[in-house]
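Please read the structure below before turning to the comments.
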Amino acid sequence: MKILKFGGSSVADPERIRSVISIIKKESESAQVHVVVSAFQGVTDLLLNAAESAYRGDSEWNAHFAAIEQKHITAVRELIPVTQQSAVFTWLREQLNHLEDLLQGISLLRELSGRSKALTASFGERLSAYIIGRACSASGLPAGFTDTRGLIVTDSSYLNGRVIWAETSANLNAHFSGLKETQIITGFIARNVQGE
Numbered sequence: 003m004k005i006l007k008f009g010g011s012s013v014a015d016p017e018r019i020r021s022v023i024s025i026i027k028k029e030s031e032s033a034q035v036h037v038v039v040s041a042f043q044g045v046t047d048l049l050l051n052a053a054e055s056a057y058r059g060d061s062e063w064n065a066h067f068a069a070i071e072q073k074h075i076t077a078v079r080e081l082i083p084v085t086q087q088s089a090v091f092t093w094l095r096e097q098l099n100h101l102e103d104l105l106q107g108i109s110l111l112r113e114l115s116g117r118s119k120a121l122t123a124s125f126g127e128r129l130s131a132y133i134i135g136r137a138c139s140a141s142g143l144p145a146g147f148t149d150t151r152g153l154i155v156t157d158s159s160y161l162n163g164r165v166i167w168a169e170t171s172a173n174l175n176a177h178f179s180g181l182k183e184t185q186i187i188t189g190f191i192a193r194n195v196q197g198e
């Protein structure tokens with residue numbers, strides 16, 4: 003098995019994502035490949051800025067949210083055929099609704115704990131991995147989406163978690179054992195033993 007990792011600058015825009023998909027396809031010809039991706043370039047900063055703005059009671063968080071929304075809508079429109087976009091947009095809308103609710107909650111409560119900040123930041127990887135996975139499938143490479151929050155377990159230091167290796171290794175082995183299709187995997191995020 004080969005694991006490829008692409009950071010934010012590699013998935014900055016649809017053109018670069020197409021290049022990433024070409025690399026994945028080429029590597030898949032000779033080995034079982036799984037791919038870890040970061041958030042689209044600039045999205046993590048937008049997410050954290052939105053959270054900070056919401057915490058201050060500044061309505062600027064709405065502009066950050068709109069930029070995040072537009073970046074992902076554009077990616078779907080440019081990477082996925084129109085005939086396959088409906089399901090992707092339904093999923094995307096659901097995730098963006100959760101994000102908007104979270105930011106609204108931060109704004110109303112004027113609370114931004116490490117837990118809230120980590121949850122906000124996690125949306126970047128979740129959105130990019132799902133869209134890239136669907137784009138891979140649309141390009142002819144069967145691919146699935148793996149959210150590492152179901153696999154990687156850490157302690158409860160929300161912004162600097164330490165991996166609990168025994169449980170994480172067991173989860174990873176169980177998940178990837180026998181998987182045939184390429185998995186597009188969220189980087190950067192995990193859960194603690196309480197499932198947070």
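Position 192, counted from 1, in the sequence shown is what the numbering used here calls 194; the numbers after and before it change by one each time, with no gaps.
We treat Cβ as the ideally placed atom computed from N, Cα and C, and that holds for glycine.
(request) Spatial neighbours of Tyr132 within its chain, please: CB distance less than 7 Å, with the 5 preceding and 5 following residues excluded, ordered by chain position. (result) Translated into the one-based positions of the sequence shown, residue 132 becomes position 130. Cβ neighbours of Tyr132 within its own chain (closer than 7 Å, five residues either side excluded): Trp93, Phe147.
(message) Quick check on Val279: does DSSP put it in helix, strand or coil?
(response) This structure gives no information on residue 279, because the portion of the chain shown stretches from 3 to 198.
(request) Select from Ile82, Gly126, Lys119, Ile108 the residue whose C-alpha is nearest the C-alpha of Leu98. (result) In the sequence shown, counting from the first residue as 1, residue 98 sits at position 96. Of the listed residues, the one whose Cα sits closest to Leu98 is Gly126.
(message) Using a 10 Å radius around the Cβ and a threshold of 16 neighbouring Cβ atoms, would you call Arg136 buried or exposed?
(response) To locate residue 136, count along the sequence shown from 1; it is residue 134. Buried is the label assigned to Arg136, since at least 16 other Cβ atoms lie within 10 Å of its Cβ.
(message) Would you call the region 57-66 in contact with the region 21-39, where contact means no fewer than 3 C-beta pairs closer than 8 Å?
(response) The count of Cβ pairs closer than 8 Å, one atom from the region 57-66 and one from the region 21-39, stays below three, leaving the stretches out of contact.
(request) Tell me, please, whether the region 7-23 touches the region 42-59 by the rule of three or more beta-carbon pairs shorter than 8 Å. (result) Touching, per the Cβ criterion.
(message) Going by DSSP in three states, Leu6 sits in which element: helix, strand or coil?
(response) Within the sequence shown, residue 6 is the residue found at index 4, counting from 1. Reduced to three states, the DSSP call for Leu6 is strand.
(request) Count the other CB atoms, across all protein chains shown, that sit within 10 Å of the CB of His74; report buried if there are 16 or more and exposed otherwise. (result) Taking the sequence shown and counting its residues from 1, the one referred to as residue 74 is at position 72. Around the beta carbon of His74, 16 or more other beta carbons sit within 10 angstroms, so the residue counts as buried.
(message) When you compare the CB positions of Ser130 and Ile191, do they come within less than 9 Å of one another, or not?
(response) Along the sequence shown, read from residue 1 onward, the residue named residue 130 stands at position 128. Along the sequence shown, read from residue 1 onward, the residue named residue 191 stands at position 189. Taking 9 Å as the Cβ cut-off, Ser130 and Ile191 do not qualify as a contacting pair.
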